[in-house]
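Comments concern the structure below.
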Amino acid sequence: MSRHVVVIGAGPAGLGAAAAALRAGARVTLVDSAEQPGGQYHRMLPGAYDAAHPGRLHHGWDEFDRTRRHVLAHRRCDWWPESAVWALDRLDDRPPRVHVVRGPADGAGRERHVLDPDALILAPGAHDRVLPFPGWDLPGVFTAGAAQALAKGERLVIGDRVVIAGSGPFLLPVAASLLEAGSAVLEVLEANTAATVARGWGSRPWQLASQSGKAAELAEYTALLARHRVPYRTGRTVIEARGDGRAEEVVTARLRADWSVVPGTERTVAVDAVCVSHGFTPQLELPVAAGCAIDGFVRVNDDQLTTAPGVYAAGEITGIAGAPAARTEGLLAGWLAAGGEPGAPEIRRLRRRRDQGRAFAARLASAHPIGDGWTSWLSPGTTICRCEETSYGALCAAAGSGRSVRLETRAGLGPCQARICGPTVAELLARRGIQTTPHNRPIAQPLRLGELAYPTRKESAR
Amino acid sequence: MSPRLVRSEDDATGRRPDTPLEIRVDGDAMAGVQGQTIAGVLLAGGLQAWREGPSGAPRGVFCGIGVCFDCLVTVNGERDVRACRRRAHDGDVVTTQSRAQEAR
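Protein chains in written order, with the numbering used here: chain A, 2 to 463; chain B, 5 to 108.
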C-alpha cells in the first residue's frame with residue numbers, strides 16, 4: 002500500500018509537492034480553497050470565461066499548465082477544490098488529523114471530511130503585509146495582491162489613475178497588470194532608499210535572480226515601466242489617503258533610510274485607486290495548529306521537514322522568495338514526504354536550487370526591509386485594526402495602562418482574527434515592552450455551527 | 005472612474021463574449037458576467053463599499069483573497085460570506101451587512 006500524502010495549498014509549492022509525491026509513488030490528496038489550482042501566482046481565470054490565451058497574463062504558464070493537467074488527471078491523485086482546512090488535530094508521533102469542509106466559500110451545509118495522512122505538506126502561501134497609514138481604510142485603497150487577484154482572476158481593473166506604493170519587487174507585476182488592462186499607473190513608489198536596495202542586493206544581483214528563476218521576469222517589468230514612462234521612485238511612499246467616502250487623493254512623501262518622513266517633501270496626487278504592499282505575511286494558522294516551531298516563518302530542516310512529526314512545509318511560509326523557489330521547495334518536500342530516495346542525483350540538484358532560493362529570500366529581505374520610522378506617518382486617529390477600528394492613540398493608551406490590550410481595545414478580535422493587523426499590533430506593542438505570541442486560531446477557517454453538527458465523511462473512498 | 009471589467013473584445017486572454025447574469029443587491033438589480041465573484045460584480049457595478057464597520061465606516065474590497073473579511077455580505081440568506089471568494093450566480097440575492105447595527 003503506497004503512502005498517503007496530503008498537500009494543503011495548490012499554488013506553485015503545493016502543486017510541485019503533489020507532482021513529486023506522485024512521481025515517488027504516493028497516493029495524494031491535494032486540497033485548496035480555490036476552485037482551481039495555481040494559488041495567487043498562477044491564479045486562473047474562471048472556467049466560464051473560456052479564455053483562449055490564459056497564459057498571456059502569466060510567467061511560466063506552459064510549465065504550470067503541464068504540471069496542473071498531469072497532477073489533476075493522475076489516477077493516484079484526489080483533487081479537492083473549494084475545500085477549507087479548518088482544524089488540525091495533533092497526534093503523537095504521526096501527522097495530525099486534517100479536518101476539511103468542502104463546498105462554496107463560506108457556504109452553509111458544506112460537507113465535512115477527515116483525512117489521516119502518512120505525511121502532511123503545508124503550502125498555504127502568504128498574503129500582503131500592509132502597514133497602516135491615515136486613510137488606508139478608505140474604499141479604493143487595495144492591497145497590491147487584491148489588484149493582482151482581480152486583474153488576473155477575473156479581468157477587473159481597480160482604477161484608471163493608480164499609485165502603487167510599498168516595498169519589494171512584487172510592486173512591479175502589479176503595475177504590469179494594470180498597464181496591460183489600460184490603466185494609468187501614475188508612479189511606483191519603493192519606500193526603501195536606492196542605497197538600501199542596492200546594499201541589500203549586493204554584488205551581482207542579476208546572477209542571484211537568474212539562479213532563482215526571476216531575472217527574465219524582473220527585466221521584463223522594468224522594460225514595461227520604461228516603455229509606459231511610469232516613474233519608479235525609491236525612498237518615497239504614500240503616507241495618507243484622503244477622500245469623501247473613498248480614496249480620491251494620496252499624499253506621498255520622501256522617506257529617510259529608516260522610513261521616517263522627511264518634512265516638507267509631501268506631494269498630493271489625485272487618484273481613483275491606491276495599491277499598497279509592504280511585504281508579505283506567511284499564513285501561519287495551520288503550522289501553528291500542527292505545532293510547528295516558528296521564528297517568523299516555519300522552521301524546516303534540509304528535507305523541508307518541520308519540527309512536527311510527519312509535517313513538511315514548502316513555499317512562502319518558510320520564507321519569501323517567489324514562485325520558482327516555492328516550487329522547488331514543493332518538489333523536494335513532495336518527493337521526501339512520499340518516501341522517495343533522499344540521495345537521488347536529481348534530489349541533490351533540487352537541494353542546491355532550494356539553497357539558492359533561500360539565499361535569494363535573504364537578499365530580498367535585506368534589500369526591502371520595513372524601516373522602524375514608519376510610525377512617523379501615523380496620527381493618533383489612524384486606524385490600526387480595520388475590523389474593530391482601533392486607533393493608534395487607543396492602542397498606545399491601552400499599552401500604557403497595564404491591562405490587556407486585546408480586551409481593552411479589541412484590536413485583532415474582529416472578523417479577520419488579526420490576520421491583517423496582527424504583525425503591526427505585535428510590533429507596536431513590542432516597542433512598548435509588551436511581548437505577544439502569534440495568534441493561535443483553533444478554528445483555522447470560518448465554519449458555521451450547523452456544519453459542525455453534520456456527520457463527518459470518513460477518509461474519502463477513492 | 006471606478007473599478008471596471010476589461011471588455012471582452014479588448015481582452016488579451018481571448019475570453020469568450022460575456023454571458024450576462026443578474027443579482028439583487030439590497031433589492032436592486034445589478035448586472036454581472038458569469039465567472040465574476042460577487043465582489044467583482046459589485047465593484048464593476050459601481051459600488052466601492054457595501055459594508056459598515058462598528059462606527060459605520062465604509063468597507064469594500066481590501067485584500068481580495070479572503071484574508072481581511074472586509075467584504076462580507078449575506079448571500080441567499082447565508083451571512084458573512086466573503087464576496088471576493090464567492091462566485092456570483094444568476095439570481096443571487098445579496099444583502100449588505102453593517103456592524104454598526106449589530107452594536108446598537
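We put the CB at the ideal spot given by N, CA and C, even for glycine.
Chain B has no Cβ within less than 8 angstroms of the Cβ of A242 of chain A. Chain-order list of chain B residues neighbouring C397 of chain A: empty, with the shortest C-beta distance near 19 angstroms, by a criterion of under 9 angstroms. For L76 of chain B, the uninterrupted beta strand (DSSP E) run begins and ends at L76 to V79, by DSSP. In terms of beta-carbon proximity, I318 of chain A stays away from the interface with chain B, with every pair separated by 8 angstroms or more. G382 of chain A and P133 of chain A have their C-alpha atoms spaced approximately 11 angstroms apart. Under a criterion of Cβ atoms nearer than 9 angstroms, the residues of chain A adjacent to R90 of chain B are, in order, P105, A106, D107 and G108. Per DSSP, the unbroken beta strand (DSSP E) holding Y313 of chain A starts and ends at V312 to A314. When secondary structure is reduced to three states using DSSP, W81 of chain A falls in the strand class. Across the set A:T269, A:A254 and A:L89, the C-alpha of A:L89 shows the shortest separation from the C-alpha of P288 of chain A. Think of a sphere of 9 angstroms around the beta carbon of L450 of chain A: no beta carbon from chain B falls inside it, the nearest being about 12 angstroms out. Beyond the five residues adjoining it in sequence on each side, R63 of chain B comes within less than 8 angstroms, by CB distance, of A53, W54, R55, E56, G57, D74 and C75 in the same chain, given in chain order. The stretch 20-30 of chain A makes contact with the stretch 333-341 of chain A; the number of CB pairs closer than 8 angstroms reaches 3 or more. Chain order gives no chain B residues near G167 of chain A, where near means a beta carbon separation below 8 angstroms; the closest approach is about 14 angstroms. Uninterrupted alpha helix (DSSP H) stretches at least 4 residues long and entirely within the stretch 35-59 of chain A do not occur. Secondary structure of V99 of chain A (DSSP, three-state): strand. One thing to note: G323 of chain A has its Cβ no nearer than 8 angstroms to the Cβ of G126 of chain A.
Here G36 of chain B is not near A104 of chain B, since their CB atoms are 8 angstroms or more apart.
The Cβ atoms of I69 of chain B and A150 of chain A sit closer than 8 angstroms to each other. Scanning chain B for C-beta atoms nearer than 8 angstroms to the C-beta of A182 of chain A yields V10, reported in chain order. Our two residues, T425 of chain A and I385 of chain A, have alpha carbons roughly 8 angstroms apart in a direct line.
For H71 of chain A, the enclosing alpha helix (DSSP H) begins and ends at W62 to A74. The shortest CA-to-CA distance from L121 of chain A to any of A:V312, A:G280, A:V175 and A:T457 is the one to A:V312.
Residue contact check for E82 of chain B against chain A: a CB pair falls below 8 angstroms. Counting of Cβ neighbours within 10 angstroms places G60 of chain B among the exposed residues, the total staying below 16. For C397 of chain A, the three-state secondary structure derived from DSSP is helix. In the DSSP assignment, no residue is bridged to D107 of chain A.
Using a 10 angstroms sphere on the CB of Y42 of chain A, the tally of other CB atoms reaches 16 or more, which defines it as buried.
The beta carbon of G320 of chain A is closer than 6 angstroms to those of F298 and A362 in its chain, skipping five residues each way along the sequence. In the three-state scheme derived from DSSP, where H, G and I count as helix and E and B as strand, P206 of chain A is classed as helix.
Looking at the DSSP output, G64 of chain B shares a beta bridge with B:A53. Collapsing the DSSP output to three states places W87 of chain A in a strand.
Taking each of A:R268, A:G246, A:D259 and A:V7 in turn and checking the Cα distance to T253 of chain A, the smallest one comes out for A:R268.
In the DSSP assignment, L453 of chain A falls outside any beta strand (DSSP E) and within the unbroken alpha helix (DSSP H) covering L450 to A454.
For the stretch 256-330 of chain A, the continuous alpha helix (DSSP H) assignments of 4+ residues that do not extend past its boundaries occur at 286-291, in sequence order. With 16 or more other CB atoms across the displayed protein chains lying within 10 angstroms of its CB, N193 of chain A is buried. By the beta-carbon neighbour count (other beta carbons within 10 angstroms, threshold 16), V97 of chain B is exposed.
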